[in-house]
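Chains as they are written, first to last, in our numbering: chain B, 119 to 392; chain F, 73 to 792.
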Amino acid sequence: MSNILETSGLTVTFGGLNACDKVDLTVPKGKFVGLIGPNGAGKTTFIDAITGYVPTSAGSAIFNGEDIGELKPHERAQRGLVRTFQSLELFEDLSVKDNLLVAGYDTRWYSFLLDMIYMPRKDKEVEEQIEWALDIMGLNDVADAMPSDLSHGRRKLVGVARALAASPDLILLDEPAAGLDTAESQILGGHLREFLDHDMSVFLIDHDMGLVLSVCDYIYVLDFGKIIAQGTPQEIRESETVKKAYLGEEAGEIQAQAGERMTSLQHDQGGQDD
Amino acid sequence: MNQFLIALIAGVGTGSLYAMLGTGLVVAFRGSGVINLGHGAVAGYAAYVFNELRTSGELYLPWFDIIPEWGFLQTLRINNLPTRIHVFDFEMYIEKPPLVPTLLISIGVSVLLGLMMHLLVFRPLRNAPILGKVIGSVGVLLYLDSVIAVNFGGQNRSSSGFWIFKPDMEPVSNFLGLGGTIPRANFSMLAAAVVMGAFVFCLYRYTRFGIATRAADENEKGASLLGYSPQLIAGINWVLSSVLAGLAGIIFLHKTQPSLYATLVVGALGAALFGRLTSIPMTVLGGVIIGMMSGGGVSLANNDWWPNWLEIEGVRTFMPLLVIILVLYFQGDKLPIRGSISVGRQPNAPASNNVVVGTIFAMGFALILSNVFVSKWEAVLTTSILATLFMFSLTVIVGYLGQISLAQFSIAGFAAFMMIRFVGDGTLQRPDDYYVITGINMPTILGFVCAVVAGTLLGLLIGLPALRIRGVQLAVVTMSSVLAIEELLTKSRSLMGEGAASIQPTPSNPSWFGQYIGGFNKETFRTDYWKYSLFLVIITALVGVAVVNLRRGNTGRRFLAIRANERAAAAAGINVKNAKMLGFGISSAIASIAGIMLAYKIPAVQAENFAIFSGLGLLAFVYLGGITTGYGAVVGGLLVAGGMMPEFLGVHFGDVERGMINAVGAVGLILNAIVTGGEGVALLQSDALGKGPLALLRRNPDEDESSEADEDNATEGASV
Ligand SMILES: Nc1ncnc2c1ncn2[C@@H]1O[C@H](COP(=O)(O)OP(=O)(O)O)[C@@H](O)[C@H]1O
Ligand SMILES: [Mg+2]
């Protein structure tokens, strides 16, 4: 039970093509695990599969010791397996704060009756979690704004904050840094590891090698639906397979260096926060 | 057995109408991605035009004189909008105008209608969310139906069609050795449907225009590559669709009253869905099958063993619904509903903060009015408040949850009849009543509660399809269930008691806590009893506050989350199915309360009180007032026919005026969809106060072409 998520042989097929091919992957509790791979490798499909958005054709997914293969997406979310979307998918008609509130509170069958007489349930823990999520994603000043009034990057941060608001046990981030400007990526990158202090484990997909190498405890590399390598950031950085298959030698060097910069940057920020 | 087969074949006549109308629906859909709920009304209008030309030589244009006859307007010589042209001079009853020119003129009117629909309604709405498009087609339906009522009085016409479709031809006897007789016209109608289908099929298959349409259907860029503008393609298809509707209407002049075409569109929707909104041959086949099912069903219902609570007319109206549900169920998400993924922004739904102040103000205002004005005005006031009460149900289901249910007003009617059934004690309520009300003699309050529960259960049943389907398909299903509910339940004498099929007396002495709260004033013999008004105001205020509070709490947020994005809602841990059921339940409970309150007001109810067009009219006005807010329902209630606003302007009761008000509502509905995206008058004001009146023009600034169109229409809107 020290693994929060464990998939074995997970396979997703789209018309004969295996978008995920026998993926074995574990996320230990309280750890930060990354998944990288070129475009179309099947990373989003993997998240879709474990959150119930696409059917799997083989394999199993164990979350918190429970086989979640048969559960509906909302049931998985209620159990603490919460995702973000690569394509945003915010609630466009709700303010930023409301977006978070929706995810933060669950309902009982009688909640609507209490709502009708305006006695909505207030839960201190949930409110605090939402405050924290707004805070950490730097969204305090736009809490009452509509998502459509924000920049693309900040909309992405709203997506992450919404997932955080649900107090997940495992948060699945699908390319949260894509499309962020420098300042926004710093907000994100600088705080990602703080998620771990809030009783959650993190699973990160990203294109930005630097980011992934700098924040993850362990990394999987996916190509054509198959896991082709795994290891600590150090091992991935040095792995020949990865370099060949994915990074391309030169690009790898540059990105690896970027990763180091990011790490140091994080340390700087940490210093400021204290 | 033979008799059953003959009944099946006899159904082919109606089936051919479904097939022809279905073909037109598919054409419009392929051209523009819109399912036009008003398609039947287009056929009806053309049929009336044809008939009127043949009988009186007058051409009625598809609008009416909206300029009221107020003194100052007449001094200014603004008194009439031309609505008809005298085309043919001939000696009535002796000769008839020539057929071919008449037909050509009628087709011309169809072309005009097609162009109007394209240019005034659906082109400006092409970037609107699904809700906007469906509302647009509801607007077309309501508008044409109202204009038909105003211009032609909705009478039966049957003296002027083509001879091969006439019912009085010698019937075919002993067809295929089955014995019995089958109307000869059935065969010519089937032939007409097949020819029409074949024509459209070939047009799509073999002409450049058809290929471009198919390309546009797959992908808007496809048509551009072939050198056509997608909007040109859409326009041509709208005209074609409208002409097909007109022809179908004229061919069927003998079979049905043209005023019924508007609702016969349900069968056509079934046919079109059967053809998956793309295949013409399958659509024609689907139409014929639905017609045959109806014929066969009616024949079965005539048997002795048939349970008599299943009314024959109900069986007929249920068949299209059955086919629609089956098709949607089995084809499920595979149906190629282009644009079923919402594009464009939904109407904003802000939470209200000053609920208490607003409610006290509104209640006080209503009560002052009810004391100041006497007699007629009290009845008018309660008409408006009843409408507002009902509209709250639409605020929940359409405004918050984004599910377009057109059946809520039928649920109101069902609950009203159930209430009468629950409290009925088998006695004559008023000396001049025709029927006694029979039932289980419940106390008033218990009867009220049970009827609300019954209405809610029916609402949940109707909401079931919403778990699998959404958007316009849901509108189609709920619209088809309106007729089925009316014929199978509300009008069923075995379920609802003797008066259900005609006029059902209401309990003459409804009393809550010992107080008589009926609307009927036993002294003045009018519906103006003050305790009823007070009771209604209180109930409406309670419901209104509950609905507004819903939006302020987590339930409303969840509803709006589902409206915005079901995928993301599930990721946020929302059980979308349960939430939808909850929304249908709340909405149906409110609708039921409104229906029962209406039954308390008047001495007798009829299924017609809750007819489809009254329901659509209410939808139009709450949409106009603002579908997403409590204020919107209040404003909408003031606007309805028979309510405060029209009465205040001096437009009185009567079918014609009612039709006009609904038509004005329909125009307002469409304009509102285009201009404010459905936020309505109520929100427009708060917006205007906040950001200046031009704020609404800023909507969707990033959509290149549409903002121009929006501006055009905004100026139009200002002039109405
Ligand atoms: N719903 C789908 N139907 C068919 N193929 C799909 C679907 N979703 C993804 N794919 C295919 O699966 C592969 C993996 O896609 P995806 O998981 O989005 O990759 P990544 O997120 O790694 O960029 C791609 O080839 C993509 O085209
Ligand atoms: Mg992806």
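Glycine included, C-beta positions come from ideal geometry on N, C-alpha and C.
Predicted, not measured: the structure shown is a model, and the values here were computed from it.
Reduced DSSP category for residue i - H, G, I as helix; E, B as strand; rest coil
i, result
"B:Tyr223", "coil"
"B:Lys147", "coil"
"F:Asn199", "coil"
"B:Glu367", "Unreliable placement is indicated for B:Glu367, whose pLDDT of 45 sits below 50; no coordinate value is reported for it."
"F:Ser456", "helix"
"B:Asn394", "Because chain B is modelled from 119 through 392, residue 394 of chain B falls outside the range shown and cannot be assessed."
"F:Val98", "helix"
"B:Glu353", "helix"
"F:Ser660", "helix"
"B:Leu208", "coil"
"B:Glu184", "strand"
"B:Phe203", "coil"
"B:Ala137", "strand"
"F:Leu768", "Only weak support is given to the placement of F:Leu768: the predicted model assigns it a pLDDT of 41, under 50, and the value that follows is read from those uncertain coordinates. If DSSP states are grouped into helix, strand and coil, F:Leu768 belongs with the helices."
"B:Pro191", "helix"
"B:Gly152", "strand"
"B:Ala347", "strand"
"F:Pro408", "Low local confidence applies: a pLDDT of 42 at F:Pro408 is under 50, so the model's placement there is unreliable, and no value is given."
"F:Asn681", "helix"
"F:Gln587", "strand"
Proximity of residue i and residue j at Cβ, strictly below 8 angstroms
i, j, result
"F:Leu213", "F:Tyr117", "no"
"B:Lys147", "B:Ser319", "yes"
"B:Tyr336", "B:Val151", "yes"
"B:Leu268", "B:Val278", "no"
"F:Ile476", "F:Leu710", "no"
"B:Leu199", "B:Thr169", "yes"
"F:Gly655", "F:Val468", "yes"
"F:Ile177", "F:Val159", "yes"
"F:Leu560", "F:Phe390", "yes"
"F:Ala735", "F:Val219", "yes"
"F:Val222", "F:Gly687", "no"
"B:Ala281", "F:Ala642", "no"
"F:Leu349", "F:Val98", "yes"
"F:Ala487", "F:Val429", "no"
First and last residue of the uninterrupted alpha helix (DSSP H) at residue i
i, result
"B:Thr125", "From DSSP, B:Thr125 is part of no alpha helix (DSSP H) but of the beta strand (DSSP E) over Asn121 to Phe132."
"B:Leu331", "Met327 to Val333"
"F:Val114", "His111 to Ser128"
"F:Phe685", "Ile684 to Gly697"
"F:Met158", "Looking at the sequence provided, one finds His at residue 158 of chain F rather than Met. That residue, F:His158, is in no alpha helix (DSSP H); its beta strand (DSSP E) goes Arg156 to His158."
"F:Phe486", "Gln480 to Val495"
"F:Phe402", "Ile384 to Gln403"
"F:Tyr604", "Trp602 to Arg624"
"F:Val272", "Ala257 to Tyr278"
Inter-residue CB distance, residue i and residue j (contact presumed, cutoff 8 angstroms)
i, j, result
"B:Leu128", "B:Ala159", "Their Cβ separation, rounded to whole angstroms, is 14 angstroms, which puts B:Leu128 and B:Ala159 out of contact at 8 angstroms."
"F:Gly87", "F:Ile361", "7 angstroms"
"F:Gly85", "F:Met261", "5 angstroms"
"F:Glu93", "F:Ala320", "It is Leu, not Glu, that sits at residue 93 of chain F in the sequence shown. Correct: roughly 5 angstroms between the Cβ atoms."
"F:Gly737", "F:Phe693", "5 angstroms"
"B:Asp292", "B:Ile323", "5 angstroms"
"F:Ser659", "F:Ser424", "Going by Cβ atoms, the distance from F:Ser659 to F:Ser424 rounds to 19 angstroms, so no, they are not a contact pair."
"B:Ile248", "B:His309", "Not quite, the Cβ-Cβ distance comes to about 16 angstroms (not below 8 angstroms), so this is no contact."
"F:Leu690", "F:Val707", "With 8 angstroms as the limit, F:Leu690 and F:Val707 do not qualify as a contact, their Cβ atoms being about 13 angstroms apart."
Pick from the options that is closest to residue i, judged by C-alpha positions
i, options, result
"F:Gly386", "F:Leu453, F:Asp497 and F:Met365", "F:Met365"
"F:Phe494", "F:Arg540, F:Pro582 and F:Met463", "F:Pro582"
"F:Ile81", "F:Pro196, F:Gly586, F:Gly359 and F:Phe271", "F:Gly359"
"B:Asn182", "B:Arg311, B:Glu124, B:Gly256 and B:Tyr228", "B:Glu124"
"F:Glu558", "F:Gly485, F:Gly740 and F:Leu153", "F:Gly485"
"F:Leu187", "F:Ala641, F:Leu125 and F:Leu312", "F:Leu312"
"B:Phe133", "B:Asp253, B:Pro173 and B:Ile154", "It should be pointed out that residue 133 of chain B corresponds to Gly in this sequence rather than to Phe. The candidate whose alpha carbon is nearest that of B:Gly133 is B:Pro173."
"B:Trp227", "F:Thr578, F:Ala661, F:Ala651 and F:Gly318", "F:Ala651"
Minimum Cβ-Cβ distance from residue i to chain D less than 8 angstroms
i, result
"F:Arg256", "This model lacks chain D altogether, as its protein chains are B and F."
Worksheet item: Can you pull every residue whose C-beta falls closer than 5 angstroms to some heavy atom of ligand 3, listed in chain order?
Response: Absent from the structure shown: ligand 3. Ligands present: ligand 1 and ligand 2.
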